[in-house]
Amino acid sequence: MRSSVIVFPGSNCDRDIAVALKKMQFKNQMVWHKETVLPKSDLIVLPGGFSYGDYLRSGAIAGKSLIIEEVIKAAKAGCFILGICNGFQILTETGLLKGTLLRNKNLRFINKDVQIKVINNKTNFSNKYKKDQILKINIAHNEGNYFTDPSHLEELRKENLIIFKYCDVKGNIDESSNPNGSLENIAGILNSNKNILGMMPHPERMTDEMISNNDGINLFSSLLN
Amino acid sequence: MKFSVTVTLKKDVLDPQGKVIKNTLNDMGIKNLNNLRQGKYFEIEVNETNLTLAEKTVNEMCKKLLVNLIIEDYKINKI
Amino acid sequence: MKFSVTVTLKKDVLDPQGKVIKNTLNDMGIKNLNNLRQGKYFEIEVNETNLTLAEKTVNEMCKKLLVNLIIEDYKINKI
Amino acid sequence: MKITDHIVEKHGLSLNEYKEIKRLLDREPNLLELGIFSAMWNEHCSYKSSKVHLKKLPTKGKQVIQGPGENAGVIDIGDDDAIVFKIESHNHPSFIEPYQGAATGVGGILRDVFTMGARPIALLNSIHFGSPKHFKTKSLLNGVVSGIGGYGNCIGVPTVGGETKFNKTYNENILVNAMAVGHVKKNKIFYSKAKGINKSVIYVGSKTGRDGIHGASMASAEFDENSDEKKPTVQVGDPFTEKLLMEACLELMQDNSIISIQDMGAAGLTSSSVEMASKGGLGIELDLDKIPCREENMTPYEMMLSESQERMLIILEDGKHQKSKEIFDKWDLDFIKIGKTTSTNNLTLKFNKKIVGEIPIDALSNQAPMYNREWKSRKVSKFNFNFKDFKKIKLEDALIKILTSPNHSNKDWITNQYDQSVMCDTVQKSGSDAAILRIHNKDKAIAVSVDSSANYCKSHPFSGGKQIVCENWRNLISVGAKPLAITNCLNFGNPENKEIMGEFADCLEGIKLSCEFLKYPVVSGNVSFYNGTNKKNIYPTPVIGGVGLIRKLSKPLNHIFQKEQSNLILIGKTFGHIEQSCFLKEIYSLDEGLPPEINLLNEKNNGECVLKLIEKKLVLSAHDVSDGGLLIALAEMAMSSNYGAKIKKPKNLTNLFKYFFGEDQARYILEIEKKHCSKVEKILKDNNIYYENIGFTQKEYFEIESELKISIKDLFKINNQWYNNY
Ligand SMILES: Nc1ncnc2c1ncn2[C@@H]1O[C@H](COP(=O)(O)OP(=O)(O)O)[C@@H](O)[C@H]1O
Ligand SMILES: [Mg+2]
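Chains as they are written, first to last, in the working numbering: chain Y, 1 to 225; chain F, 1001 to 1079; chain X, 2001 to 2079; chain V, 3001 to 3726.
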């Protein structure tokens, strides 16, 4: 599979995701945001970090960069798009995903390992996980508090577009297992076409036992499946 | 010509920042505080002497970048 | 009673956000943009009918929490 | 403008120093020149009060590639890899504006590291606040922590360790020390020494504004009631621009375009240009009309003294301009030729086609004043305490009181605000004795830790100085790393006061002895004097940042109990030294007496033997015994794990509290699997190490035979309250 990682000024998880993709045998390319053509790709990743310093609104300025036009075209043509953390914020700013990511409810940056539950495992991003499987995964963000309007929330529920939710070690999804105030503990969502995934947790940080665990690996192997 | 733009969150959008600030002010012993919402503020100087044209440019900036129309409202004022 | 508070960076204080936003607008093809500085905006509702007292409370909030007096200036307006 | 005595004093120069300036110039300086002298001659840049003492520190070793004197120190970690690291203070700015002060402190130390060609791989910090009850403490804590996080998180370098202390001595003068660690290939290290005449001097990075003018002099002046006046000198950090600057510099460093490079830190353009020229024995000419300015009508004085952040100066090889500029264009950064190197040995400043200032480089650097200030050693305070009082309290109550105290509470509230995992090489995050970072794409790693002991250093500066080096060394050993070298940040009061200067001299003497004995050289550092207000000086607070090497990384070792029914071995002898202990401070509010004695021979033997056991994979978990003594160390091991422990009471116990809370040095607790015990004991005996079998791990409960029994869940809860309730 061919993948492209888009690099914005201020991206800082671009190397991390590239390492993970390479380990998973993706043929990966780094694409600078000022490029106007996208190499042929089956997967486009918008990496984590602080594109443009998170100034104005996180993801807003990256959402206006030249390459984004191409990403939108590819998305409409069915290419898989994965936005992690800042990448998720960029996806909502471009309108590829609905809703928005507000400041964490405690107004602080949060970095820690949390649990998320696989709510939908019948997607191209999650078919290697079991339904309701609990993953331990790292989050690191200031604005991860997912918010959307009631009708879209209803659509997310009905169409099974919520892919991950924050939970505790036992799998309980409630206020105490919600790190950032997200609506319904949402950690990751799909578009209605199910080819675009935006998620706040960092699967690329969970692909090496020495550093953490391997809970992120199946996300990538699902795509290869 | 100089303008100010104030950007506020739409009514039904949660304002986590405003909420925490409000609680903090309450904790600090400030009474009578009914409500507080946080927004953004810009001061913009355009090189244009025609008011209508100038306002049009500022409006364009808001729509294209400064404001996320899905969750935010905005107001432009000449200053 | 409702007030707005606008908080702006003091003159000569670096505004990293404003700088990036301005460059982006330029890159997006918006001309005539001379300068842009970003600030903060608050809408505050106090439970107080006496204007002087109400203003005093808002002023206290600004000094105690909302404004970083070392690098920021602020203005209070009744709305 | 006529330079009056008043103007001289406003610049933080003494009248004698001004006389010397006139002598060196053989004329009166103009205001611009005076400003430049004041920036170069102040404590921060010239180290005028500390140099005589700093010279004594051991700085050599076969692992040392670059000792003090460059932007950061460099050590060899084998193969073609080197580690670049340094610590620096940003105390005064952080007290005035905690968020921006701490943030720009992090930004500054990062620049010191990537200037040398290294990619930063870790950040640490040592932060000291006043009493939690002091009205400023809470907002300072909030601001500093979010400022440190704000900068490091944005730039994408993990913040992996540090220390956080509260003590009323810092009520009016907090300490914010930041350390950065980078990785570089040995043949790709860049230095600041200029070479060659007529070479381009290039300015890169952010534009120059009126930020922090006289910041360097501010950092060297005592606070007083008028310090409000100095407020507008606060700098605002821009981590986004720094990230671009870092990537652009590292990209340019791929080839051989750069002759030398220097970041603009304290005293901005002045100190960077003077330092480069001085090291190269050259002159430098700057055309100030070319300086990219952020504000209108900036004067030469403002340009030369501005401390705007995120800027660098480069001396470029001929014929490389175009290609180098393209790199900076790509990153949307200024890249402007502002001058050239000359053979005049002068700093020559031109503005509007006229020479507006001209000073011999030597006068600014080598001829800067150096003082051997008067000093005297402190008298040791007497310790009177009636040990019978110990009978009135219970061991359990004392343990709980300490674990709920601000200084000993769990620091997750802080560390969860830092991205510790970005770059995906953090093997051990903060929370353990030292953090461990894998070298990217290799199977080796480094361990890093920062430590200080202000109370020990206050009561006996010499022993305190000795002790912190040893404690830092132990922290690296405890995670299985071989300690290689240190950086140090020396935070002291007013050096014009004999006793403060005595604290400084004695602390340094102690640091020196330990470093020499342990072969643990100093490769970089920073001195921060004038920490205090209105003649009230802070406790002497030298901070040590150490780096160690783990040659072959397998499973990382930390202080978390791994199994039940493994044996617990205490390495090192327990005498029960209770003076200056955390126990007396927290329980009796006593801070008299002497710190524990350091026996360097034991320190070395014990440490080296522990490291040997770890390398032989005979140790399940390890922790050094420091602040709080044996009981706190054991509780820390239990709390962070799923296991408790059962500890025996020693047979010939003189006093329960002295045994469990005494702070004797050179001690470690090791968790050893039963089957390995005899092997381990044999090695310990063969190496003449004193040790005790003190108990074993067990399920659920932390227990001291017939004294206390608490579930580890409760211990954890107790230890996690304070920050969340503050
Ligand atoms: N400001 C901070 N930033 C990052 N880590 C911190 C900070 N303060 C404390 N820590 C971490 O908390 C743990 C406990 O600190 P401390 O009690 O000083 O450890 P030690 O006694 O082993 O030096 C260490 O792992 C340290 O790295
Ligand atoms: Mg320790």
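Quick reminder that beta carbons are idealized off the backbone N, C-alpha and C, glycines included.
Model, not experiment: these values are computed from the prediction.
For Y:K165, the uninterrupted beta strand (DSSP E) segment begins and ends at I162 to C167. Collapsing the DSSP output to three states places V:N3125 in a strand. In the three-state DSSP reduction, V:K3330 falls in the helix class (H, G or I). Straight through space, the alpha carbons of V:I3083 and V:Q3467 are spaced by roughly 25 Å. Ranked by Cα distance from V:K3060, the first of V:L3484, V:G3502 and V:K3199 is V:L3484. Taking a Cβ-Cβ threshold of 8 Å, the residues of chain F close to X:V2046 are N1032, L1033 and N1034, in chain order. At a cut-off of 8 Å, the C-beta of F:Y1041 has a neighbouring C-beta in chain X.
Taking the Cα positions, F:R1037 is about 10 Å away from F:K1010. Residue contact with chain X for V:R3210: present (Cβ-Cβ distance below 8 Å to some residue of chain X). Residues of the stretch 1007-1021 of chain F that bring their beta carbon within less than 9 Å of a beta carbon in chain X comprise V1007, T1008, G1018 and I1021, in sequence order. Counting the other Cβ atoms within 10 Å of the Cβ of V:D3419 gives 16 or more, which makes it buried.
V:F3335 sits buried, since 16 or more C-beta atoms from the chains shown fall within 10 Å of its C-beta. If you look at X:T2052, you'll find it in the alpha helix (DSSP H) that goes L2051 to M2061. Taking a Cβ-Cβ cut-off of 8 Å, the neighbours of Y:G53 in chain X comprise P2016, Q2017 and V2020, given in sequence order. Taking a contact to require three or more Cβ pairs closer than 8 Å, the stretch 3191-3198 of chain V and the stretch 3297-3304 of chain V do not qualify as touching.
Judged by DSSP secondary structure, V:P3483 falls within the beta strand (DSSP E) whose first and last residues are K3482 to N3491. DSSP lists no beta-bridge partner residue for V:V3052.
Residue state for V:H3623 is assigned as strand, using DSSP reduced to three classes. CA-CA distance, V:L3508 to V:D3451, rounds to 15 Å.
V:A3666 is bridged by DSSP to nothing; it lacks a bridge partner.
Residue ranges of uninterrupted alpha helix (DSSP H) with 4 or more members, entirely inside the stretch 3651-3707 of chain V and ordered along the chain, are 3656-3661 and 3677-3686. For the stretch 140-164 of chain Y, residues whose beta-carbon sits nearer than 8 Å to a beta-carbon of chain F comprise N145, F147 and D149. By the Cβ test, the stretch 3317-3334 of chain V is in contact with the stretch 3250-3263 of chain V, since at least three Cβ pairs between them sit closer than 8 Å. Pairing Y:F164 with Y:F80, the inter-Cα distance amounts to about 17 Å. Using a CB distance below 7 Å, the part of the stretch 170-201 of chain Y facing chain F consists of G181, ordered along the chain.
Contact of Y:I110 with chain X is not assigned, every C-beta pair being separated by 8 Å or more. Distance between Y:V45 and V:N3153, taken at the CA atoms: about 20 Å. Within 8 Å of the CB of F:N1068, the CB atoms of chain Y belong to R57, A60, E93 and T100, in sequence order along the chain.
Of all residues in the stretch 3095-3123 of chain V, those with a C-beta nearer than 9 Å to a C-beta of chain X are I3096, E3097, Y3099 and Q3100, reading in chain order.
In the three-state DSSP reduction, V:W3722 falls in the helix class (H, G or I). When DSSP states are grouped into helix, strand and coil, V:P3360 belongs to the strand group.
Taking all protein chains in view, the Cβ of V:Q3309 is crowded by 16 or more other Cβ atoms within 10 Å, so the residue is classified as buried. The residues F3492, in chain order, have a CB closer than 6 Å to that of V:F3504 in the same chain once the five nearest residues on each side in sequence are set aside. Residue-level contact check: F:E1072 does not touch chain X, since none of the beta carbons of chain X fall below 8 Å from its beta carbon. Among the residues of the stretch 103-131 of chain Y, those with a Cβ less than 8 Å away from any Cβ of chain F are R103, N104, K105, N106 and L107, in the order of the chain. Look at the beta carbons and you see the stretch 110-120 of chain Y touching the stretch 153-170 of chain Y: at least three pairs across the two are nearer than 8 Å.
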